[in-house]
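This report refers to the structure that appears directly beneath it.
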Amino acid sequence: MPELPEVETTLRGIEPAIALQVISGITVRQGSLRWPVTEGLAQIVEGQRVTQVRRRAKYLIINLEHGSMLIHLGMSGSLRLVQPDAELRKHDHIEMRMGNGAILRYHDPRRFGCWLWSESDHHQLSRLGPEPLSDDFGIKRLYELSRKRKIAVKPFIMDNNTVVGVGNIYASEALFRSGIRPDRAAGDISLKLYTVLTGHIKEVLAAAIVQGGTTLRDFVNGNGEPGYFQQTLAVYGRGGKLCTGCEGVLKEIKLGQRSSVFCPRCQR
DNA sequence: CTTTCAGCCTGACGGC
DNA sequence: TGCCGTCAGGCTGAAA
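Start counting the first sequence at 411; every next residue gets the next number (our numbering).
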């Protein structure tokens, strides 16, 4: 499932092919996504030049001359460059063709993603916390935001107001590396431990980007290739298996409706 | 204010 | 083999 490293990997894969190109056409085959694809998208953007392609949180933003497209890969989405003769697959919902011949296909079986146009700001981007890999996400943020909070630390760091882009996989891994139980109350954790956790959040995300992201079922980058970070996962998806750091068995619980795996011995 | 939870959706998987 | 129920999960908005 695409989290921040997977979206960043996608961005790096598609950016060279579409940056500064003119959109020659868009075909929407299935417009019923998380939110309906903007009505008349093709007519609006055709002929416009891509001025910039960037990422904010788990969103991809394609800036055009008169506005921007906001793309989210949801749970099962991928965006890849294909050859003109590439066979159309089931769930290939949107196709964007560029003046240089590049073709970008949006594929999303579960349709939790989105592809929206706006002439001005996208409301989805307001009220987002800092980027985890930027200096805006410093060592005091988690500590200060968490005081008197009773919410468990795992959903706390997965909250987009706290810091963006930390999904279930990387929250689980960062907590394991930090030796913190995911169900501890956020407000009870010391500044010292939050300093450690902040470092591990940055570290695990950066490492995953280097590996091209995590491919669990179907994630592929802009060129159709899988990521390799799944080989590094210590706890995510490993409930009931042996801890990589001790002899213990990993435990699985539910926190905020999400499965959470941790080692009861290594994480306290 | 904080916290919880339903709902959106398809495919994989387990039980029978 | 095939049917059916359950689960996975990012995000939003409403309820508690």
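Note that beta-carbon positions come from the ideal geometry of N, C-alpha and C, so glycine has one too.
Query - Q462 classed as buried or exposed, judged by whether at least 16 other C-beta atoms fall within 10 angstroms - result: Looking up residue 462 in the first sequence gives position 52. By the 10 Å Cβ count, Q462 comes out exposed.
Query raised in the report: Excluding the five sequence neighbours on either side, which residues of its own chain have a C-beta within less than 8 Å of the C-beta of F629, listed in chain order?
Result: Counted from its first residue, the first sequence places residue 629 at position 219. Excluding residues up to 5 positions away in sequence, M411, P412, E416, S488, G623, P636, G637 lie with their Cβ nearer than 8 Å to the Cβ of F629 in the same chain.
Query raised in the report: Ordered along the chain, which non-local residues of its own chain (more than five positions away) have a Cβ less than 7 Å from that of H556?
Result: The residue labelled residue 556 in the question sits at position 146 within the first sequence. The sequence shown places Ser at residue 556, rather than the His named in the question. The residues are F566, A596, G597, I599.
Query - Under the three-state DSSP convention, the category V606 falls into - result: Along the first sequence, read from residue 1 onward, the residue named residue 606 stands at position 196. Looking at V606 - three-state DSSP - the assignment turns out to be helix.
Requested in this report: Identify, in the order they occur along the chain, each residue of the same chain with its Cβ nearer than 8 Å to the Cβ of L474, setting aside the five sequence neighbours on each side.
Outcome: Position 64 of the first sequence, counted from the first residue, corresponds to residue 474. Result list for L474: I433, V455, Q458, R459, V460, T461, in chain order.
Report task. Check whether the region 582-597 touches the region 643-659, taking contact to mean three or more Cβ pairs, one atom from each stretch, closer than 8 Å. Result -> Verdict: yes, contact present.
Query - Span of the beta strand (DSSP E) around V492 - result: Within the first sequence, residue 492 is the residue found at index 82, counting from 1. Here the beta strand (DSSP E) through V492 covers 488-492.
Query raised in the report: So what's E505 in DSSP terms, helix, strand or just coil?
Result: Here residue 505 corresponds to residue number 95 of the first sequence, with the count starting at 1. Residue state for E505 is assigned as strand, using DSSP reduced to three classes.
**Report entry** With 16 other Cβ atoms within 10 Å as the buried cut-off, status of T419
**Finding:** Taking the first residue of the first sequence as position 1, residue 419 is located at position 9. The residue is buried, with at least 16 neighbouring Cβ atoms inside 10 Å.
Query raised in the report: Which of helix, strand or coil does DSSP assign to G477?
Result: Translated into the one-based positions of the first sequence, residue 477 becomes position 67. It is a strand residue.
Query raised in the report: Can G539 and K468 be called in contact, C-beta distance under 9 Å?
Result: Locating residue 539 in the first sequence gives position 129, where the first residue counts as 1. Locating residue 468 in the first sequence gives position 58, where the first residue counts as 1. Not closer than 9 Å, so no.
**Report entry** Environment of H503 [buried if 16+ CB atoms lie within 10 Å]
**Finding:** Mapped onto the first sequence, residue 503 falls at position 93. Buried, because 16 or more other Cβ atoms sit within 10 Å of the Cβ of H503.
Requested in this report: Go ahead and label G511 buried or exposed: buried means 16 or more other beta carbons lie within 10 angstroms of its beta carbon, across all protein chains shown.
Outcome: Walking along the first sequence from the start, residue 511 turns up at place 101. Exposed, because fewer than 16 other Cβ atoms sit within 10 Å of the Cβ of G511.
Report task. Alpha carbon to alpha carbon, how far is S528 from Q440? Give it in angstroms, no decimals. Result -> Translated into positions along the first sequence, residue 440 becomes position 30. Translated into positions along the first sequence, residue 528 becomes position 118. Looking at the backbone, the Cα of Q440 and that of S528 are separated by about 19 Å.
Requested in this report: Just the C-alpha distance for V447 and C524, rounded to the nearest angstrom, thanks.
Outcome: Residue mapping note: residue 447 aligns to position 37 of the first sequence, counting from 1. Residue mapping note: residue 524 aligns to position 114 of the first sequence, counting from 1. Counting only the Cα atoms, C524 lies some 7 Å from V447.
Requested in this report: Pull up the distance between the alpha-carbon of L483 and that of T437, whole angstroms please.
Outcome: Mapped onto the first sequence, residue 483 falls at position 73. Mapped onto the first sequence, residue 437 falls at position 27. L483 and T437: Cα-Cα distance of roughly 18 Å.
Query - Cβ-Cβ separation, F672 to R559 (assumed contact under 8 Å), whole Å - result: By one-based count along the first sequence, residue 559 stands at place 149. By one-based count along the first sequence, residue 672 stands at place 262. Contact between R559 and F672 is ruled out by a C-beta separation of about 20 Å, above the 8 Å threshold.
Query raised in the report: So R587 is in the alpha helix (DSSP H); what residue range does that whole segment cover?
Result: Sequence index remark: in the first sequence, residue 587 carries index 177 (1-based). Per DSSP, the unbroken alpha helix (DSSP H) holding R587 starts and ends at 578-588.
**Report entry** Own chain partners of I561 with C-beta closer than 6 Å, once the 5 adjacent residues on each side are dropped
**Finding:** Counting from one through the first sequence, the residue named residue 561 turns up at place 151. Closer than 6 Å at the Cβ level, and outside the excluded window around I561, lie A596.
Query - Residues bridged to E679 [DSSP beta-bridge criterion] - result: No statement about residue 679 is possible, as the shown extent of the chain runs from 411 to 678 and does not include it.
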